[in-house]
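Notes follow once the structure below has been shown.
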Amino acid sequence: MKKLDTPIFVTKSFLPPFEEYVNKIKEIWGSNILTNLGPIHEEFKENLNNFLKTDYTTLCTNGHLGLEMSIKALDLKGEVITTPFTFASTTHALVNCGIKPVFCDIETATYNIDANKIESLINENTTAIVPVHVFGNPCDVEAIEKIAKKYNLKVLYDAAHCFGVEIDGKGIGNFGDISMISLHATKVFNSIEGGALTYKDPVLKETLKLYKNFGITGPESVVAVGGNSKMNEFQAAMGVVNLRYMDKQIEDRKKIAYLYRDLLKDVKGIKVLNDIEGVKHNYAYFPILVDEIEFGKTRNELYEELKKFNIFTRKYFYPLTSNFACYKDECKNLDLKNANYVADRILTLPIYGSLDLSIVEYIVDAIKVIKKEEIIK
Ligand SMILES: *Cc1c(COP(=O)(O)O)cnc(C)c1O
Numbered sequence: 009m010k011k012l013d014t015p016i017f018v019t020k021s022f023l024p025p026f027e028e029y030v031n032k033i034k035e036i037w038g039s040n041i042l043t044n045l046g047p048i049h050e051e052f053k054e055n056l057n058n059f060l061k062t063d064y065t066t067l068c069t070n071g072h073l074g075l076e077m078s079i080k081a082l083d084l085k086g087e088v089i090t091t092p093f094t095f096a097s098t099t100h101a102l103v104n105c106g107i108k109p110v111f112c113d114i115e116t117a118t119y120n121i122d123a124n125k126i127e128s129l130i131n132e133n134t135t136a137i138v139p140v141h142v143f144g145n146p147c148d149v150e151a152i153e154k155i156a157k158k159y160n161l162k163v164l165y166d167a168a169h170c171f172g173v174e175i176d177g178k179g180i181g182n183f184g185d186i187s188m189i190s191l192h193a194t195k196v197f198n199s200i201e202g203g204a205l206t207y208k209d210p211v212l213k214e215t216l217k218l219y220k221n222f223g224i225t226g227p228e229s230v231v232a233v234g235g236n237s238k239m240n241e242f243q244a245a246m247g248v249v250n251l252r253y254m255d256k257q258i259e260d261r262k263k264i265a266y267l268y269r270d271l272l273k274d275v276k277g278i279k280v281l282n283d284i285e286g287v288k289h290n291y292a293y294f295p296i297l298v299d300e301i302e303f304g305k306t307r308n309e310l311y312e313e314l315k316k317f318n319i320f321t322r323k324y325f326y327p328l329t330s331n332f333a334c335y336k337d338e339c340k341n342l343d344l345k346n347a348n349y350v351a352d353r354i355l356t357l358p359i360y361g362s363l364d365l366s367i368v369e370y371i372v373d374a375i376k377v378i379k380k381e382e383i384i385k
């Protein structure tokens, strides 16, 4: 098999037609408002709120600052139960806010926090649960809500991967106290950088607004120790324009995911994730789990050998955040058996709306060649 002429990466940022974006940002030269919750910011917020089917949406500079703002707005402190199978942001946000992350193991079916293991980690210092809907697959939101109610804990979902995901027709942002959806360039939907916080409590609308703009309530009045996480007008303009293309983008991703699943179903040692009943998925990622015994090669070998075909996959999420140099000393003796198992075997394959289906076939063929299976064409 010949190596691809141009490299294929795990994702490719969506860009709208150039003219369309230029037309939108012309409005900024009319308003002369570049940031500070300008007219395009308000328009984007409204459109996004409708798209996400939530009660309230607060926009911010990026998802990470959105998490930190939410932690402050919900007044989380002490210990928080969370997952180590995530991007650095989730754990860093907690620690940056002075909280001790308490890591809970994950379930192997979805790679999400194992709700059955949360209760045993709760003590008198616990103030919240911060789960992640990993790869856009929803956590067991009902079980988590039950536990939160029983112990009077807050729930902040890292829903960074979940743009457009719904459970039984309800937007993913309707669960927990606040959900954070990342609008980063590499995510399903982008406003260049950006974050959207979704929630039901109208009081949070005012609190979050304070935290995103230095705690300022008037020219001579500052009432909270806020920061700056405002989304500017250029970001919001990208969001307004990109939103027009999102239904189609998710449709295209779905075709790719279904093709991967179909082509990979007979490849021994490769496990894929399937759709969950009642869930509208966004196909943000295409993770595979490589069983080294059945596949005949390790995840790391597959990752390296795919590079020789010009295919660049990612080991999301390896290492676990609990194994980061900055956390590992405190996390030495934790029972994270499933999380370690998955982190050592996970590989995310390229997926994005404009990825050609013939490239998907090529990638699976390459996987089979690496496995030394014959290709019948
Ligand atoms: C991308 C991501 C974030 C951070 O979002 P940004 O918008 O890049 O700041 C947080 N958590 C997870 C799981 C992510 O993948």
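Residues 9 to 385 (this note's numbering) make up the sequence shown, in order.
Where is the CB? At the ideal position from N, CA and C, for every residue including glycine.
Nearest residue (CA-CA) to residue i, options the options
i: residue 193; options: 264, 246, 294; result: 246
i: residue 98; options: 188, 227, 228; result: 188
i: residue 250; options: 12, 15, 27, 9; result: 27
i: residue 178; options: 101, 79, 59, 91; result: 59
i: residue 74; options: 293, 162, 338, 102; result: 102
i: residue 266; options: 306, 368, 312; result: 368
i: residue 108; options: 333, 84, 182, 22; result: 84
i: residue 170; options: 139, 115, 157, 150; result: 139
i: residue 357; options: 321, 307, 243; result: 321
i: residue 279; options: 355, 258, 236, 219; result: 355
i: residue 86; options: 79, 41, 133; result: 133
i: residue 242; options: 235, 32, 337; result: 32
i: residue 121; options: 106, 131, 100, 148; result: 148
i: residue 310; options: 375, 352, 281, 290; result: 375
i: residue 11; options: 338, 314, 160, 380; result: 314
i: residue 201; options: 53, 17, 183, 239; result: 239
i: residue 360; options: 48, 80, 268; result: 268
i: residue 352; options: 316, 370, 305; result: 305
i: residue 295; options: 167, 324, 81; result: 324
i: residue 50; options: 259, 372, 244, 338; result: 244
Nearest-angstrom Cα separation, counted from residue j out to residue i
i: residue 385; j: residue 271; result: Summary for residue 385: the model assigns pLDDT 48, below 50, so the residue's position carries little reliability; its value from the coordinates is reported in the next sentence. The straight-line gap from Cα to Cα measures roughly 13 Å.
i: residue 127; j: residue 155; result: 7 Å
i: residue 203; j: residue 262; result: 23 Å
i: residue 283; j: residue 145; result: 9 Å
i: residue 46; j: residue 301; result: 56 Å
i: residue 318; j: residue 162; result: 45 Å
i: residue 174; j: residue 61; result: 9 Å
i: residue 214; j: residue 96; result: 28 Å
i: residue 299; j: residue 223; result: 51 Å
i: residue 125; j: residue 72; result: 26 Å
i: residue 190; j: residue 181; result: 12 Å
i: residue 119; j: residue 277; result: 17 Å
i: residue 308; j: residue 129; result: 33 Å
i: residue 365; j: residue 143; result: 21 Å
i: residue 135; j: residue 185; result: 13 Å
i: residue 16; j: residue 293; result: 15 Å
i: residue 183; j: residue 248; result: 25 Å
i: residue 158; j: residue 115; result: 22 Å
i: residue 378; j: residue 274; result: 15 Å
i: residue 288; j: residue 19; result: 21 Å
i: residue 77; j: residue 226; result: 20 Å
i: residue 290; j: residue 281; result: 13 Å
i: residue 386; j: residue 217; result: This structure does not reach residue 386, given that the chain is present from 9 up to 385, and the question cannot be answered.
i: residue 165; j: residue 259; result: 25 Å
i: residue 338; j: residue 70; result: 28 Å
i: residue 197; j: residue 363; result: 15 Å
Unbroken beta strand (DSSP E) run spanning residue i, endpoints
i: residue 207; result: 203-207
i: residue 78; result: Not the beta strand (DSSP E): residue 78 falls in the alpha helix (DSSP H), residues 71-81.
i: residue 360; result: First-last for residue 360: undefined, no H or E at that position.
i: residue 138; result: 134-138
i: residue 224; result: 224-226
i: residue 60; result: Where residue 60 is concerned, there is no enclosing beta strand (DSSP E), although the alpha helix (DSSP H) it sits in stretches over 47-60.
i: residue 189; result: 186-190
N-terminal and C-terminal residue of the alpha helix (DSSP H) that residue i is part of
i: residue 215; result: 210-220
i: residue 366; result: 365-379
i: residue 36; result: 26-39
i: residue 311; result: 307-315
Entirely within the stretch 230-296 and at least 3 residues each: give me those beta strand (DSSP E) ranges in chain order.
-> 278-280
Hey, is the stretch 64-75 in contact with the stretch 200-220, meaning 3+ C-beta pairs nearer than 8 Å?
-> yes
Is it true that the stretch 346-355 meets the stretch 318-333, where meeting means three or more beta-carbon pairs spaced less than 8 Å apart?
-> yes
Mind pulling the alpha helix (DSSP H) runs of 4 or more residues that sit fully within the stretch 77-111?
-> 96-104
4-residue-minimum alpha helix (DSSP H) runs that sit fully inside the stretch 137-172, ordered along the chain | Segments of the alpha helix (DSSP H) lying fully in the stretch 137-172: 149-159.
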